[in-house]
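Notes follow once the structure below has been shown.
Chains as they are written, first to last, in the numbering used here: chain A, 8 to 500; chain B, 16 to 290.
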């Protein structure tokens with residue numbers, strides 16, 4: 008049964024323990040981050056020294072918190088205090104706790120005992136408990152940043168659970184960079200009571216979440232985890248990044264099958280069987296999740312590349328080798344339609360290279376024709392950025408805004424913004440993914456193409472190869488669903 | 016048949032725990048072995064610890080003949096074979112069993128002989144009775160006292176350009192897993208393999224085949240017809256059925272599984288049991 012984690016992710020009030028005036032202490036940092044992100048509920052800072060911290064009066068003990076006003080407890084005090092804090096908080100109506108404190112299982116035999124004892128207390132009190140030894144929890148629907156680290160994140164539909172706290176920060180940074188936002192993010196820490204599957208089950212029924220992204224290193228009960236994740240996959244896509252898979256190599260086994268059953272090979276097979284979307288690294292994992300969160304799931308593998316210049320398209324088709332994706336020959340009726348719009352020098356095949364023949368409205372019209380064609384399952388658009396690039400050079404040069412430069416710069420910038428908007432609108436209208444890639448995402452993120460994508464909360468990949476990797480993972484997942492008769496997902500939440 | 020139950024994943028990491036698991040089908044497999052008229056003495060050996068220091072469980076390796084009978088009982092197609100403890104019994108068996116035809120392969124097998132080719136305990140391309148007789152005599156003479164009970168296994172020599180490997184393995188994290196790979200005896204060098212957790216559905220099995228990198232090897236190849244994927248799915252399902260019926264199975268190798276006229280045929284089988 009799914010555990011109710013609503014008090015952890017959407018608490019109406021939070022008790023923060025260990026709050027002091029020292030800005031280097033975790034209690035201070037957590038209070039700071041909650042206030043800075045504009046947490047919507049009430050905050051009850053508790054510390055040893057009464058007084059004010061960040062303009063909030065600090066309570067001397069949890070006993071002073073009014074009953075029923077806080078349902079979450081954030082603990083960053085040392086282990087000997089924490090069972091008592093948990094009991095005192097539960098008496099005030101707390102239903103969830105995040106234990107940032109270290110000194111538990113990771114600290115040796117005494118820590119293991121302390122951790123087991125803490126779990127027993129939480130179970131007895133019927134408190135759901137994240138951590139210990141975690142970095143915190145973020146939840147954008149509640150504007151909550153209960154973390155001893157940074158950053159907060161833009162709001163969106165990706166939920167994150169990580170067995171490494173630092174990777175939560177990395178993923179939140181990627182959310183900032185891309186503009187594709189986060190619904191919930193939690194550092195599982197030692198996962199003493201709540202494990203990865205508990206979070207994923209809750210995310211699967213969370214209306215704010217469209218896709219989950221998990222970083223995991225250890226698997227405790229592989230068989231049970233497999234069964235639970237396979238059940239979730241049918242409801243919500245799960246992107247998995249596995250760390251440490253390469254360290255355990257082949258075992259000494261009498262059988263050939265045993266010798267081939269490396270941890271990585273078995274984990275990979277398990278992932279495919281459960282419909283998990285396994286990414287090679289964190290960056291690829293984030294991009295796959297960001298694409299899944301913002302694009303419809305493709306119904307097949309037929310891809311058409313739309314570009315304004317030659318080389319990008321050639322490289323994109325090359326990058327499809329060894330993937331499930333098929334850069335199909337252009338259907339004849341589509342070719343005829345495009346002939347009407349472009350001068351004869353266009354490529355007349357896939358990739359569609361407009362060869363500079365486009366005018367003001369050509370790009371959106373061609374994108375719409377291609378994405379709307381019944382034999383096309385996904386579109387990759389590589390036309391963004393050329394005009395932003397020219398505009399940036401003119402804007403930064405010595406002649407701006409004279410000599411007619413202001414007008415042309417505005418035109419170029421508006422065009423790239425229109426292309427970005429068109430890619431999003433067409434994907435939604437045609438229910439066909441339209442992925443966009445340009446290196447300006449990294450090199451000139453402020454230019455209008457990538458900036459418009461980011462402002463709309465949509466993934467703009469930094470290269471065609473990376474867009475193709477995300478699309479390949481999506482197609483694999485779509486096939487898994489189709490083979491099992493599971494209805495296609497609707498984009499976003 | 017007892018319903019399939021998931022294996023406790025940490026059981027194999029812990030000898031003490033192993034003795035406490037209930038093995039409802041263990042008895043039935045012993046009965047099966049007895050019914051098959053095979054050796055009644057169980058040979059035990061301790062395997063070395065694995066790379067991570069996890070001690071492996073004490074196990075028994077069935078002879079090739081026992082392994083072949085067990086896998087074929089669950090639906091795996093194995094090349095036709097007869098067994099016998101003497102050259103004469105082999106010749107008699109071949110007279111009655113017309114499914115085993117020349118050219119033949121002769122092997123010396125027993126529970127202590129897991130790797131026959133490394134010790135030269137097999138003879139290929141036996142084309143007539145005279146060569147068969149001398150091959151049988153030579154192999155029996157090559158047996159060492161440490162080999163324990165041995166017997167001759169004579170099978171039809173099947174031919175195909177393509178070799179696969181299929182198997183089961185009890186994984187310490189995920190329990191029983193089923194594998195399909197390319198390359199037969201070269202599989203460990205090629206490492207083009209797909210795993211799933213047993214039991215699998217036919218959809219899972221079809222996806223395992225699709226996972227293999229060497230898809231061109233599975234189509235029409237050098238004048239041979241394409242692999243009949245349906246038949247390979249049946250092999251994978253048969254292995255899972257074997258694993259479900261016998262929780263004491265630690266591993267199974269069908270290696271190689273030769274594609275003959277598009278159909279997968281196991282020409283060697285090795286079953287390892289957890290005691």
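Even glycine gets a Cβ: it sits at the ideal position worked out from N, Cα and C. Please read these numbers as outputs of a predicted model, since none were measured by experiment.
For the stretch 86-108 of chain B, the set of residues with a beta-carbon nearer than 9 Å to any beta-carbon of chain A is empty.
When the Cα atoms are used, residue 135(B) and residue 158(B) turn out to be separated by approximately 11 Å. In the three-state reduction of the DSSP assignment, residue 122(B) falls in the strand class, which pools E and B. Contact annotation: in the stretch 131-157 of chain B, no residue has its CB less than 8 Å from a CB in chain A. 52(A) is the residue among 52(A), 279(A), 361(A) whose C-alpha sits nearest the C-alpha of residue 70(A).
Listed along chain B, no residue sits closer than 9 Å to residue 450(A) by beta-carbon distance, the nearest being about 35 Å off. Of the residues 95(A), 89(A), 86(A), 67(A), the one whose Cα lies closest to the Cα of residue 78(A) is 95(A). Assignment of residue 265(B) by DSSP, reduced to helix, strand and coil, places it in the strand class. Under the 10 Å beta carbon count, residue 76(B) is surrounded by 16 or more other beta carbons and is classified as buried. Taking CB atoms only, residue 209(B) has a neighbour in chain A less than 8 Å away.
For residue 59(A), the closest alpha carbon among the candidates 48(A), 358(A), 113(A), 27(A) is that of 27(A). Note on geometry: alpha-carbon atoms of residue 238(A) and residue 189(B) lie some 17 Å from one another.
For residue 261(A), the neighbours in chain B by C-beta distance under 8 Å run, in chain order, 62, 74, 76, 129, 266, 287.
In the DSSP assignment, residue 192(A) falls within the beta strand (DSSP E) that extends over 189-194. In the DSSP secondary-structure assignment, residue 194(B) is bridged to 182(B), 210(B). Checking the DSSP bridge columns, you'll see residue 312(A) partnered with 387(A).
By the rule that beta-carbons nearer than 8 Å mark a contact, residue 66(A) does not touch chain B. In the DSSP annotation of this structure, the continuous segment of the beta strand (DSSP E) that includes residue 166(A) starts and ends at 162-169. Taking 8 Å as the threshold, the shortest C-beta distance from residue 279(A) to chain B falls below it.
Judged by their CB atoms, residue 158(A) and residue 196(A) are not nearer to each other than the 8 Å cut-off. Taken atom to atom, the span from the alpha-carbon of residue 275(B) to that of residue 107(B) is near 27 Å.
The alpha-carbon of residue 143(B) is positioned some 10 Å away from that of residue 149(B). Looking at the DSSP output, residue 334(A) shares a beta bridge with 310(A). As summarised for the stretch 350-412 of chain A, the continuous alpha helix (DSSP H) elements at least 4 residues long and confined to that stretch are 369-379, 393-403, given in chain order.
If you check the CB distance, residue 78(B) and residue 138(B) do not come in under 8 Å.
Residue pairing of residue 75(B) in beta bridges, as defined by DSSP: 288(B).
Within a 10 Å sphere around the beta-carbon of residue 221(A) sit 16 or more other beta-carbons, which makes this residue buried. Around the C-beta of residue 101(B), fewer than 16 other C-beta atoms lie within 10 Å, and the residue is accordingly described as exposed. Cβ contact annotation for residue 116(B) (same chain, cutoff 8 Å, sequence separation greater than five): 95, 171, in chain order. In the structure shown, residue 223(A) adopts extended strand secondary structure according to DSSP, grouped into three states.
Counting only runs of 4 or more residues that sit fully inside the stretch 31-65 of chain A, the alpha helix (DSSP H) segments are 33-43, in chain order. Around residue 233(A), the beta-carbon contacts reaching into chain B at under 7 Å are 189, 212.
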